[in-house]
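Visitor:
Protein chains in written order, with this note's numbering: chain D, 10 to 309; chain F, 5 to 223.
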């Protein structure tokens, strides 16, 4: 069983749950940008496999070779064709040898997932098969996939994930919720207030490491906090760079950083944030830790 | 340690940060490393990863098992006891460095800025073992410190976009060792054959916060 990539948008990678527990070694966890979308693709495929493909907005095309194999497609809203015939996204299909899968941009989202009834045969590196692009570690040769790459699939063993009874509807275009960050007290009260009242725009500068925001309301134009002691970063941290640009750190973030952090997105909203396309306006709303954790419980 | 007054704060909804100071000071660094060692040996319920930073400890937890308040309470009890005041007893490492030349293009300027000649600077730099203050800025990257006050120097104005693995960096009273190619604004003073990152090894790094490093000049 194998897939041969014939077209790949930028930053298509192999992912699994992530490489957790290695901050002190200088490695962030990586893993899927939309973790729930990644799980949903596995549930649709009813697979025990740990690995899957993460694709970016531009999509991917590949040819499947091997015995009949189920594949689940989820995350974002892409357009899918199998052998030229349009098919539903957020669905599973049984692939036959020679099938040509073509995924193109759809109406929404940045990241899509393809999970197979088998594992992508890439080596386990430091406990995980996830690609970490900042380090060039794991996945397929530590890099994004390119046309001409051929990935073998091998039988998976583990717990089979089944499809949820009701499909998960995409969230409304509501504010992205956060808890105040470790350096929030360094910002003037007016800036903290303005941060919750203003809207920001997702810029075109976004990747698996971070999403830069356009601050058109000039909330941080005069924010000048420099020379903080370097400290641990977690995904969702909003860091204000020296020139006042807010950046939301994502799955391939550097493990430590010295710019001030005003806020941290809550875990329950991180997937939704990752799927916001450049040009989207976003507002941030503060919640308590207890509320953030209750939302996580509900999401599981 | 009681006058350090650590602050316990949330870092998102799945992690807690115990911060001992807002400036880099040795006793805050020692306190962070001691607490991290204690927690690794005696992890409270629901705690996952424990990471010492320069002046803080990151404690990741599972909010299905514990809560910020419950964990903060448990940590305050630990911080109030004598349990975390144990002496650091890290491994001692010897790191051979080729100082200056093509491997250390900033060495002469560094020595000049400190009003030392190059051999004196190297001798003072290597005079005593340094402690690994923290790790983790990049794979295998370690910060060692602190040097005596007379050797403190700010970072360079310009950032080099890429230095090679094994580069010896110097700034802010510290010496750092790279294990991967990274950008840096620190002074490049030498090069070592030692690589503190091997993705095929378990664990992938050898130096840990609390260890000590004796730098030695290669002839």
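Cβ atoms here follow ideal geometry from the backbone N, Cα and C, with glycine treated the same way.
#1: In angstroms, rounded to a whole number, what distance separates the CA positions of residue 207 of chain F and residue 214 of chain F?
#2: Just mark residue 97 of chain D as buried or exposed, buried being the case when its beta carbon has 16 or more other beta carbons within 10 Å.
#3: To the nearest angstrom, how far is the alpha carbon of residue 26 of chain D from that of residue 19 of chain F?
#4: Which of helix, strand or coil does DSSP assign to residue 278 of chain D?
#5: Which ranges would you report for the beta strand (DSSP E) in the segment 179–225 of chain D if only whole runs of at least 3 residues count?
#6: What is the rounded straight-line gap between the Cα of residue 138 of chain F and the Cα of residue 102 of chain D?
#7: Suppose the cutoff is 7 angstroms on Cβ atoms and the five residues either side in sequence are ignored; what does the same chain contact list for residue 65 of chain D look like?
#8: Classify residue 200 of chain F as buried or exposed, calling it buried when 16 or more other Cβ atoms lie within 10 Å of its own Cβ.
#9: Which residues in chain F have a C-beta closer than 8 angstroms to the C-beta of residue 146 of chain D? List them in chain order.
#10: Which residue from F:167, F:141, F:122, F:49 puts its Cα closest to that of residue 31 of chain D?
#11: Using DSSP's beta-bridge definition, name the partner residues of residue 13 of chain F.
#12: What residues match up with residue 278 of chain F in a beta bridge as DSSP calls it?
#13: Assuming residue 136 of chain F contacts residue 148 of chain F under a Cβ cut-off of 8 angstroms, what Cβ separation, rounded to an integer in Å, is found between them?
#14: Taking CB distances under 9 angstroms as the criterion, tell me whether residue 185 of chain D reaches chain F.
#15: If the cut-off is 7 angstroms on Cβ atoms, which residues from the segment 5–38 of chain F count as contacting chain D, listed in chain order?
#16: I need the DSSP call for residue 246 of chain D, collapsed to helix, strand or coil.
#17: Using a Cβ-Cβ cut-off of 9 angstroms, state whether residue 274 of chain D counts as contacting chain F.
#18: Pull up the distance between the alpha-carbon of residue 13 of chain D and that of residue 75 of chain F, whole angstroms please.
#19: If I follow the unbroken alpha helix (DSSP H) through residue 79 of chain F, where does it start and stop?
#20: Assuming residue 269 of chain D and residue 195 of chain D are in contact, meaning their beta carbons sit under 8 angstroms apart, how far apart are those beta carbons, in whole angstroms?
#21: Determine whether the Cβ of residue 140 of chain F lies closer than 9 angstroms to any Cβ atom of chain D.
#22: Strictly under 9 angstroms for the Cβ-Cβ distance: is residue 171 of chain F near chain D by that measure?
#23: Could you work out which residues of chain D lie near residue 209 of chain F, taking near to mean beta carbons separated by less than 8 angstroms?
#24: Over what stretch of residues does the beta strand (DSSP E) that includes residue 262 of chain D continue unbroken?
#25: Take every Cβ of the segment 213–220 of chain D, pair it with every Cβ of the segment 155–169 of chain D, and state whether three or more of those distances are shorter than 8 angstroms.
#26: From which residue to which residue does the alpha helix (DSSP H) around residue 123 of chain F run?
Guide: Let's see:
#1: 16 angstroms
#2: With fewer than 16 other Cβ atoms from the protein chains shown falling within 10 Å of its own Cβ, residue 97 of chain D counts as exposed.
#3: Rounded to the nearest whole angstrom, the CA to CA distance from residue 26 of chain D to residue 19 of chain F is 18 angstroms.
#4: helix
#5: 185–189, 208–215, 219–223
#6: 49 angstroms
#7: 18, 19, 20, 21, 119, 120
#8: buried
#9: 143, 203
#10: F:141
#11: F:21
#12: This structure cannot speak to residue 278 of chain F, because chain F is shown only from 5 to 223.
#13: Rounded, the Cβ-Cβ distance is 6 angstroms, consistent with contact.
#14: no
#15: Residues passing the 7 angstroms Cβ filter: 13, 14, 15, 16, 17, 18, 19, 21, 26, 27, 28.
#16: strand
#17: yes
#18: 48 angstroms
#19: 72–84
#20: 5 angstroms
#21: yes
#22: Not closer than 9 angstroms to any Cβ of chain D, the Cβ of residue 171 of chain F fails to qualify, so no.
#23: Here the neighbours are 33, 34, 35.
#24: Under the DSSP assignment, residue 262 of chain D falls outside any beta strand (DSSP E); it carries neither an H nor an E label.
#25: no
#26: Looking at the DSSP string, the run of the alpha helix (DSSP H) that includes residue 123 of chain F is 122–129.
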